[in-house]
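So the protein sequences, as listed, match chains W and H. When we follow the numbering used here, the leftmost residue of the first sequence carries the number 1, and every step to the right adds one. When we follow the numbering used here, the leftmost residue of the second sequence carries the number 1001, and every step to the right adds one. Positions of the beta carbon are idealized from the N, C-alpha and C atoms, including for glycine. None of these values were measured; they are calculated from a predicted model. Reading through the structure tokens given below for one structure.
Number of protein chains: 2
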Amino acid sequence: MPPLEHYSRQLNYSYALGLYPAIQALEKAPQRVSRVLVHSLLEPGEGAQALFALCEEHGIRTETADRVLRKVSGKDNCYAAAVVQKENQELQLGRNHLVLVNPMDAGNLGTLLRTALGLGYFDIALITPCADPYEPQTVRASMGALFSLRVREYADINEYLKDAGERSLYPFMLSDSALSLQCAVQEKKAPFSLVFGNEGTGLPAVFAALGQAVKIEQSDEVDSLNLAIAAAIGMYSFKETY
Amino acid sequence: MPPLEHYSRQLNYSYALGLYPAIQALEKAPQRVSRVLVHSLLEPGEGAQALFALCEEHGIRTETADRVLRKVSGKDNCYAAAVVQKENQELQLGRNHLVLVNPMDAGNLGTLLRTALGLGYFDIALITPCADPYEPQTVRASMGALFSLRVREYADINEYLKDAGERSLYPFMLSDSALSLQCAVQEKKAPFSLVFGNEGTGLPAVFAALGQAVKIEQSDEVDSLNLAIAAAIGMYSFKETY
Chain W
1 MPPLEHYSRQ
11 LNYSYALGLY
21 PAIQALEKAP
31 QRVSRVLVHS
41 LLEPGEGAQA
51 LFALCEEHGI
61 RTETADRVLR
71 KVSGKDNCYA
81 AAVVQKENQE
91 LQLGRNHLVL
101 VNPMDAGNLG
111 TLLRTALGLG
121 YFDIALITPC
131 ADPYEPQTVR
141 ASMGALFSLR
151 VREYADINEY
161 LKDAGERSLY
171 PFMLSDSALS
181 LQCAVQEKKA
191 PFSLVFGNEG
201 TGLPAVFAAL
211 GQAVKIEQSD
221 EVDSLNLAIA
231 AAIGMYSFKE
241 TY
Chain H
1001 MPPLEHYSRQ
1011 LNYSYALGLY
1021 PAIQALEKAP
1031 QRVSRVLVHS
1041 LLEPGEGAQA
1051 LFALCEEHGI
1061 RTETADRVLR
1071 KVSGKDNCYA
1081 AAVVQKENQE
1091 LQLGRNHLVL
1101 VNPMDAGNLG
1111 TLLRTALGLG
1121 YFDIALITPC
1131 ADPYEPQTVR
1141 ASMGALFSLR
1151 VREYADINEY
1161 LKDAGERSLY
1171 PFMLSDSALS
1181 LQCAVQEKKA
1191 PFSLVFGNEG
1201 TGLPAVFAAL
1211 GQAVKIEQSD
1221 EVDSLNLAIA
1231 AAIGMYSFKE
1241 TY
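Right, dumping it as structure tokens:
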């Protein structure tokens, strides 16, 4: 087995760094965990017990690897890590999707993934260039949500549309001609995709032609809402009643 | 005039650090800006022009202060700052309030202030201990929203209630007995206060007795939504239709 490297986007694996993220990876996606690293200073306790029990249950190798943990985390106090294989997953056709066009902030992306999972959106399309969903910072900000979602990267929106099947598209935009979120929700037709632009620039005007443009009603006092906030409001308002 | 100090919570003034934040302070709360610092390397241009025009309009002193800017910002590339007097403002009785109980993360608080302003909530009660709304990082994360809002700190929730007048209270909690957000919104009675707990622990159970406890419908896949996300969904759903 080749030596583990400091994380980079080119690798076909990533790390869930820390005891809790490692446990989440083992709980949600054990088939993707190739091995688990533990530090000789990892304290015995509930967390460590859960970690070892999950490894045993799924036949996953654990190894004591102080030096490697320090190398891959850049920290002295990272006491556990799961090595997770990356997967460009298939999105499900009949489900509602969240489509993020060029999101560039890793922490924001992690928060968005966690929110999507919490609100019942399991299928996430990322249009590149974008922040790396597998960057350890994103994995951590997502609090493990990444391991419960289907996430797929696309070269551009047309590649996504080829995969998306028959569905309604709702690009979120600030343009005056967009329908208010409140009205759009009343006429929503599932399955649908909610489409959000980049943090700084939003969606280019051409995206309005994709489907029914939607804008979140907001005061004139701010230019726009933060991306993670806008997407959360959109996902909540559009979600299936339950 | 005493020399300006590096920011600390004890000071009765704070800084809007950077050209854009300084302009926002001058636009939204000129009466609270006591002076404006500029760096000798500040490039002439639209931004600088706007800054000087606002200072002239409101009779605010500008001074070139390279060393002070470096001292108060901790950076070499901070080219402008507004010195802003703090104010513990009066909340308006007839308006809807956002009440944050012990929010501890400065960046999160800044995002929340910006979201509140965007969704038309102008009155914010902070129950201490809490992150400092005037910390330059919060001011920056709020993108100047702080200067357009009425923000008041209270020692505890009872102090707030004394000030709050006759109103409906909606504590957001994860308890099973809480009403779903969707139902709560249908029965809402203005003026109201939306009450949110701390990032890590949420609201203590005793807050349910304050009014109608509300929970945001969410899947079992995540423990809870991020505070800024939950508050945004709550504020959007409860806001007046417009």
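query: By the criterion of Cβ-Cβ separation under 8 Å, what are the contact partners of residue 114 (chain W) in chain H?
result: 1222, 1225, 1226
message: Which residue marks the beginning of the alpha helix (DSSP H) containing residue 111 (chain W), and which one marks its end?
response: 106-118
Which residues DSSP lists as bridging residue 198 (chain W), in chain order: W:202
query: When we look at the beta-carbon of residue 44 (chain W) and count the other beta-carbons within 10 Å, is it buried (16 or more) or exposed?
result: exposed
message: With three or more C-beta pairs closer than 8 Å as the rule, is the stretch 222-235 of chain W touching the stretch 1227-1234 of chain H?
response: yes
query: Do we get a CB-CB distance below 8 Å when we pair residue 1100 (chain H) with the residues of chain W?
result: Judged by the 8 Å Cβ criterion, residue 1100 (chain H) is not in contact with chain W.
- prompt: Taking Cβ positions only, does residue 1242 (chain H) come closer than 8 Å to chain W?
  reply: The pLDDT assigned to residue 1242 (chain H) is 47, lower than 50, so where the model puts this residue is not dependable, and the model offers no usable value.
Partner residues on chain W for residue 1127 (chain H), Cβ-Cβ distance less than 9 Å: Going along chain W, no residue has its Cβ under 9 Å from residue 1127 (chain H), so there is no contact; the nearest lies around 22 Å.
message: Out of W:82, W:157, W:142, which one is the CA nearest neighbour of residue 63 (chain W)?
response: Checking every option, the nearest Cα to that of residue 63 (chain W) belongs to W:82.
message: For residue 197 (chain W) and residue 99 (chain W), I'd like the C-alpha separation in whole angstroms.
response: Looking at the two C-alpha atoms, the distance is approximately 9 Å.
Spatial neighbours of residue 225 (chain W) in its chain, beta-carbon cut-off 8 Å, leaving aside the 5 residues before and after: 216, 218, 233
Meets three-Cβ-pair contact criterion under 8 Å: the stretch 1073-1082 of chain H and the stretch 1012-1028 of chain H: Short answer: they touch.
Distance, residue 1175 (chain H) Cα to residue 1205 (chain H) Cα: Between the alpha carbons of residue 1205 (chain H) and residue 1175 (chain H) lies a gap of roughly 8 Å.
task: Rank H:1161, H:1060, H:1126, H:1173 by C-alpha distance to the C-alpha of residue 1201 (chain H) and give the top, closest one.
output: Of the listed residues, the one whose Cα sits closest to residue 1201 (chain H) is H:1173.
task: Can you pull the chain W residues whose beta carbon is under 7 Å from the beta carbon of residue 1232 (chain H), in chain order?
output: 229, 232, 233
query: Quick one: Cα of residue 236 (chain W) to Cα of residue 49 (chain W), how far?
result: 37 Å
- prompt: Closer than 8 Å, Cβ to any Cβ of chain C: which residues of the stretch 136-161 of chain W, in chain order?
  reply: Within the model displayed, chain C is absent; protein chains W and H are what it includes.
message: Does the distance between the C-beta of residue 135 (chain W) and the nearest non-hydrogen atom of the ligand COA fall short of 7 Å?
response: Judged by which ligands are present, the structure shown has none, so any question about the ligand COA falls away.
- prompt: Which residue's Cα is closest to the Cα of residue 1006 (chain H): H:1067, H:1055, H:1032?
  reply: The alpha carbon of residue 1006 (chain H) has as its nearest neighbour, out of H:1067, H:1055, H:1032, the alpha carbon of H:1067.
task: Label residue 3 (chain W) either buried or exposed according to how many other C-beta atoms from any shown protein chain fall within 10 Å of its C-beta, with 16 as the threshold for buried.
output: Residue 3 (chain W) sits exposed, since fewer than 16 C-beta atoms from the chains shown fall within 10 Å of its C-beta.
query: Using a Cβ-Cβ distance under 8 Å, would residue 1077 (chain H) count as near chain W?
result: no
field: Three-state secondary structure (DSSP) of residue 1154 (chain H)
entry: strand
task: Would you kindly check if the distance between the Cβ of residue 1129 (chain H) and the Cβ of residue 1109 (chain H) is under 8 Å?
output: no
- prompt: Whose Cβ in chain H lies nearer than 7 Å to the Cβ of residue 218 (chain W)?
  reply: Going along chain H in sequence order, the residues near residue 218 (chain W) (Cβ under 7 Å) are 1118, 1119.
message: Rounded to the nearest angstrom, what separates residue 13 (chain W) and residue 135 (chain W) at their Cα positions?
response: 10 Å
Enclosing alpha helix (DSSP H) for residue 97 (chain W) [first to last residue]: No alpha helix (DSSP H) holds residue 97 (chain W); the beta strand (DSSP E) holding it covers 97-101.
message: With distance defined between alpha-carbon atoms, name the residue in W:238, W:52, W:29 nearest to residue 38 (chain W).
response: W:52
- request: Please go through the same chain and pick out, in chain order, the residues whose beta-carbon is closer than 8 Å to the beta-carbon of residue 1188 (chain H), but skip the five residues on each side of it.
  value: 1168, 1170, 1238
message: Based on DSSP bridge pairs, tell me the residues matched to residue 217 (chain W).
response: According to DSSP, residue 217 (chain W) bridges with nothing at all.
- request: Could you tell me which residues DSSP puts in a beta bridge with residue 1168 (chain H)?
  value: H:1192
- request: Would you list the one or two residues that DSSP bridges to residue 1141 (chain H)?
  value: Paired residues: none, contrary to the question.
field: chain H contact for residue 20 (chain W) (CB, 8 Å cutoff)
entry: no
query: Leaving out five residues before and five after residue 1103 (chain H) in sequence, what residues of the same chain have Cβ atoms less than 6 Å from its Cβ?
result: 1109, 1130, 1131
field: residue 146 (chain W) classed as buried or exposed, judged by whether at least 16 other C-beta atoms fall within 10 angstroms
entry: buried
task: State yes or no: is the C-beta of residue 992 (chain H) within less than 8 Å of the C-beta of residue 1084 (chain H)?
output: Outside the displayed span of chain H (1001 to 1242) sits residue 992 (chain H), for which this structure offers no information.
message: Between residue 1236 (chain H) and chain W, is any beta-carbon pair separated by less than 8 Å?
response: yes
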